[in-house]
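Chemist: Chains as they are written, first to last, in my numbering: chain A, 31 to 138; chain B, 79 to 494. Where is the CB? At the ideal position from N, CA and C, for every residue including glycine.
1) If you run the structure through DSSP and keep just helix, strand and coil, what is residue 109 of chain B?
2) What does a CB cutoff of less than 8 Å around residue 132 of chain B pick up in its chain, not counting 5 residues either side in sequence?
3) Which of the three DSSP states, helix, strand or coil, is assigned to residue 122 of chain B?
4) Give the DSSP-derived three-state secondary structure of residue 408 of chain B in the structure shown.
5) Among the residues of its own chain, which have a CB less than 6 Å from the CB of residue 343 of chain B, if the five just before and after it don't count?
6) How long is the line joining the alpha carbons of residue 132 of chain A and residue 71 of chain A, rounded to whole angstroms?
7) Residues of chain B with CB closer than 9 Å to the CB of residue 67 of chain A, please, in chain order.
8) Using a Cβ cut-off of 8 Å, pull out every chain B residue sitting near residue 103 of chain A, in sequence order please.
9) Taking Cβ to Cβ, would you say residue 337 of chain B is nearer than 7 Å to residue 395 of chain B?
10) Can we say the region 229 to 241 of chain B touches the region 146 to 159 of chain B, given the rule of at least three CB pairs closer than 8 Å?
11) Looking at the strands, I want to know which residues DSSP matches up with residue 258 of chain B.
12) Residue 218 of chain B to residue 165 of chain B, Cα distance in whole Å?
13) Exposed or buried, which one is residue 473 of chain B when buried takes at least 16 other CB atoms within 10 Å?
14) My assumption, with CB atoms under 8 Å, is that residue 50 of chain A sits in contact with residue 95 of chain A. Please give the rounded CB distance.
15) I want to see whether chain A comes within less than 7 Å of residue 389 of chain B, judged by CB atoms only; does it?
16) Smallest Cα separation from residue 248 of chain B: which of B:297, B:122, B:358 and B:187?
17) Do the region 369 to 387 of chain B and the region 287 to 294 of chain B make contact, defined as three or more Cβ pairs closer than 8 Å?
18) Nearest by alpha-carbon distance to residue 197 of chain B: which of B:142, B:162, B:274 and B:268 is it?
19) Within 10 Å of its beta-carbon, does residue 48 of chain A have 16 or more other beta-carbons around it, so buried, or fewer, so exposed?
20) Suppose the cutoff is 6 Å on Cβ atoms and the five residues either side in sequence are ignored; what does the same chain contact list for residue 300 of chain B look like?
21) So what's residue 403 of chain B in DSSP terms, helix, strand or just coil?
22) Grouping DSSP H, G and I as helix and E and B as strand, with all else coil, what is residue 95 of chain B?
23) Quick check on residue 444 of chain B - is its C-beta less than 7 Å from some C-beta in chain A?
24) Ends of the beta strand (DSSP E) at residue 104 of chain B?
25) Pull up the distance between the alpha-carbon of residue 130 of chain A and that of residue 316 of chain B, whole angstroms please.
26) Are the CB atoms of residue 257 of chain B and residue 231 of chain B within a distance shorter than 7 Å?
27) In whole angstroms, what separates the C-alpha of residue 180 of chain B from that of residue 430 of chain B?
28) Helix, strand or coil for residue 52 of chain A, going by three-state DSSP, please let me know.
29) Residue 326 of chain B to residue 33 of chain A, Cα distance in whole Å?
30) If we define contact as Cβ-Cβ less than 7 Å, is residue 35 of chain A a contact residue for chain B?
31) How long is the line joining the alpha carbons of residue 436 of chain B and residue 322 of chain B, rounded to whole angstroms?
32) Quick one: which residues of the region 34 to 59 of chain A get their C-beta closer than 7 Å to a C-beta of chain B? List them in chain order.
33) Cutting at 8 Å between CB atoms, please list the residues of its own chain near residue 483 of chain B, excluding the five before and the five after it.
34) Compare the Cα-Cα distances from residue 171 of chain B to each of B:479, B:480 and B:445 and report the closest residue.
35) Use the C-beta contact count for residue 271 of chain B: other C-beta atoms within 10 angstroms, 16 or more gives buried, fewer gives exposed.
36) Can you grab the Cα-Cα spacing for the pair residue 372 of chain B / residue 488 of chain B, in whole Å?
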């Protein structure tokens, strides 16, 4: 059994977690026209990386959404960072810490 | 190299088996081919065979990073069926089933296609309504289907759990008489041997590391054995499709998951059809050697590691014991996993890629084995003509942009 780190609860059984999607997908700017191809790219296309991957996961038992960085070949977990902003916004929760990747912010 | 026959078996038996020759050559990689196929699994090898047989194109190389048939072709649970919902899917998978029916003769290689029938159980009134709808849809699409009631299910598989304490009581099943199982390795070996005899070159231990792109067109592949130029390149690499697509500079609507399977110690005959239970999330058949071949749902974690995780093992094996209480104490012989490429609508992707000159055969998810003959035949047509076959056209990559999905994940009630 593998354990993942919930930023809120700490190390927990993998059965408590849900894979929500790849991190870093940016929703098209709907203030201007958006083509079918742009929507398809956002809604359907995936990086599905072999190796390092940044993903949004949910810890189902507490509801915490967070970015987890994993190696998709070895299953090794490289880090977990909350998406939640701390009160007062003093902590840049999105994309901060060891999970900061080339995609920038860790928005789902 | 002679054909295989009962007479040949007898003759070699009398000659101390000294007359057998390797079933295919191991040629050196050349610098250029008309067509290069990446991936010597079932789909890649079948594509090469039909390119040579149906289109007369024999200057073909099939490149394989590992060994022939060592990916999902050697890791599946050998079920062959065409019990889908939409007309596009039925046309595709029933073509495959019909090709399987004549495949041993066609390839002169016994693929042990065993038309033993398959039942998909239902466990509630609501599931029964959907099952009736599925049967009607299949019949309208020209595929055989029957709705079995509880007693008919019991007659076919008496060891199923019909007890009062069953977690999911059995109400009936969708039955496809023409479905069955095949010998998975033999399908790869049979296509490899038949393609090789027609002049196709199969090069193993040759990993594709990139694509040669000139003027925005794919002109070949870079490999661990050096560059190879090609008129057209086809990729049939299942779970690693996204990885190759990244090398070619585009993304695919695929997520790679591990699909686990299990085989038990050999038992006396106890089950002579394939049984699937969507409510339990499991399916099971008994191999010719007596082992129970079992599988279930995907691991829910995207992965390229061919192992499989423990929570899904518990769910699958627990579900199977619920279905067949008698197997609770049967020992497992092996467990394994293959990496499957799952698309948003659980239907495959066939046709041109965003990179001109490179063509796609991917997205089969957990259902690639049953589709090998059709996938190969259609992909050969696409590579030879540079255009779709009528059956493959709906499965073009552009459907995700057009919104014309073939959503079998929802429609046929089989999660993949």
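Modeler: The relevant details are as follows:
1) Within the second chain, the letter at position 31 stands for residue 109 of chain B. Residue 109 of chain B: coil per DSSP, three-state reduction.
2) Counting from 1 along the second chain, the entry for residue 132 of chain B is found at position 54. Taken in chain order, the residues that qualify are 455, 458, 459 and 462.
3) To locate residue 122 of chain B, count along the second chain from 1; it is residue 44. Residue 122 of chain B falls in the helix class under three-state DSSP.
4) Walking along the second chain from the start, residue 408 of chain B turns up at place 330. Residue state, collapsed to three classes: coil.
5) Counting from 1 along the second chain, the entry for residue 343 of chain B is found at position 265. Only 409 and 411 meet the Cβ criterion.
6) In the first chain, residue 132 of chain A corresponds to position 102, counting from 1. In the first chain, residue 71 of chain A corresponds to position 41, counting from 1. Low confidence applies here, because residue 132 of chain A scores a pLDDT of 41, under 50, leaving its location unreliable; read the following figure in that light. Computed Cα separation, rounded: 19 Å.
7) Numbered from its first residue, the first chain carries residue 67 of chain A at position 37. Result: 479.
8) Taking the first chain and counting its residues from 1, the one referred to as residue 103 of chain A is at position 73. What residue 103 of chain A touches in chain B: 381, 382 and 383.
9) Start at 1 with the first residue of the second chain, and residue 337 of chain B comes out as number 259. Start at 1 with the first residue of the second chain, and residue 395 of chain B comes out as number 317. No, the Cβ-Cβ distance between residue 337 of chain B and residue 395 of chain B is not below 7 Å.
10) no
11) By 1-based counting over the second chain, the position of residue 258 of chain B is 180. Note: residue 258 of chain B sits in a beta bridge opposite B:158.
12) Within the second chain, the letter at position 140 stands for residue 218 of chain B. Within the second chain, the letter at position 87 stands for residue 165 of chain B. Cα to Cα, residue 218 of chain B sits roughly 9 Å from residue 165 of chain B.
13) As a first step, residue 473 of chain B must be located in the second chain, where it is residue number 395. Burial call: buried.
14) Reading the first chain from its first residue, position 20 is the one you call residue 50 of chain A. Reading the first chain from its first residue, position 65 is the one you call residue 95 of chain A. Confirmed, about 7 Å.
15) Taking the second chain and counting its residues from 1, one reaches residue 389 of chain B at position 311. Closer than 7 Å: yes.
16) Position 170 of the second chain, counted from the start, is the residue given in the question as residue 248 of chain B. Closest by alpha carbon: B:358.
17) no
18) Within the second chain, the letter at position 119 stands for residue 197 of chain B. Answer by Cα proximity: B:162.
19) Taking the first chain and counting its residues from 1, one reaches residue 48 of chain A at position 18. By the 10 Å Cβ count, residue 48 of chain A comes out exposed.
20) Translated into the one-based positions of the second chain, residue 300 of chain B becomes position 222. Result list for residue 300 of chain B: 287 and 288, in chain order.
21) For this step, residue 403 of chain B is matched to residue 325 along the second chain. In this structure, residue 403 of chain B counts as helix in the three-state DSSP scheme.
22) Position 17 of the second chain, counted from the start, is the residue given in the question as residue 95 of chain B. It is coil, neither helix nor strand.
23) Indexing the second chain from 1 puts residue 444 of chain B at position 366. No - not a single Cβ of chain A is within 7 Å of the one on residue 444 of chain B.
24) Position 26 of the second chain, counted from the first residue, corresponds to residue 104 of chain B. Unbroken run through residue 104 of chain B: none, as it is neither H nor E.
25) In the first chain, residue 130 of chain A corresponds to position 100, counting from 1. In the second chain, residue 316 of chain B corresponds to position 238, counting from 1. The pLDDT assigned to residue 130 of chain A is 43, lower than 50, so where the model puts this residue is not dependable; a value taken from the coordinates is nonetheless given after this. The alpha-carbon atoms of residue 130 of chain A and residue 316 of chain B are separated by roughly 30 Å.
26) Numbered from its first residue, the second chain carries residue 231 of chain B at position 153. Numbered from its first residue, the second chain carries residue 257 of chain B at position 179. It is not a contact, given that the beta carbons lie outside the stated cut-off.
27) Within the second chain, the letter at position 102 stands for residue 180 of chain B. Within the second chain, the letter at position 352 stands for residue 430 of chain B. The straight-line gap from Cα to Cα measures roughly 29 Å.
28) Taking the first chain and counting its residues from 1, one reaches residue 52 of chain A at position 22. DSSP places residue 52 of chain A in strand when its eight states are reduced to three.
29) The residue labelled residue 326 of chain B in the question sits at position 248 within the second chain. The residue labelled residue 33 of chain A in the question sits at position 3 within the first chain. Distance between the alpha carbons of residue 326 of chain B and residue 33 of chain A is about 35 Å.
30) As a working mapping, residue 35 of chain A is identified with position 5 in the first chain. Judged by the 7 Å Cβ criterion, residue 35 of chain A is not in contact with chain B.
31) Here residue 436 of chain B refers to the residue found at position 358 when the second chain is read from its first residue. Here residue 322 of chain B refers to the residue found at position 244 when the second chain is read from its first residue. One C-alpha to the other measures close to 11 Å.
32) 44, 45 and 49
33) In the second chain, the residue the question calls residue 483 of chain B occupies position 405. Answer for residue 483 of chain B: 422, 423, 425 and 477, listed in chain order.
34) Numbered from its first residue, the second chain carries residue 171 of chain B at position 93. The residue with the shortest Cα to Cα distance from residue 171 of chain B is B:445.
35) Residue numbering aside, residue 271 of chain B sits at position 193 when the second chain is read from its first letter. With 16 or more Cβ atoms within 10 Å of its Cβ, residue 271 of chain B is classed as buried.
36) Here the question's residue 372 of chain B lines up with position 294 in the second chain. Here the question's residue 488 of chain B lines up with position 410 in the second chain. C-alpha separation (whole angstroms): 23 Å.
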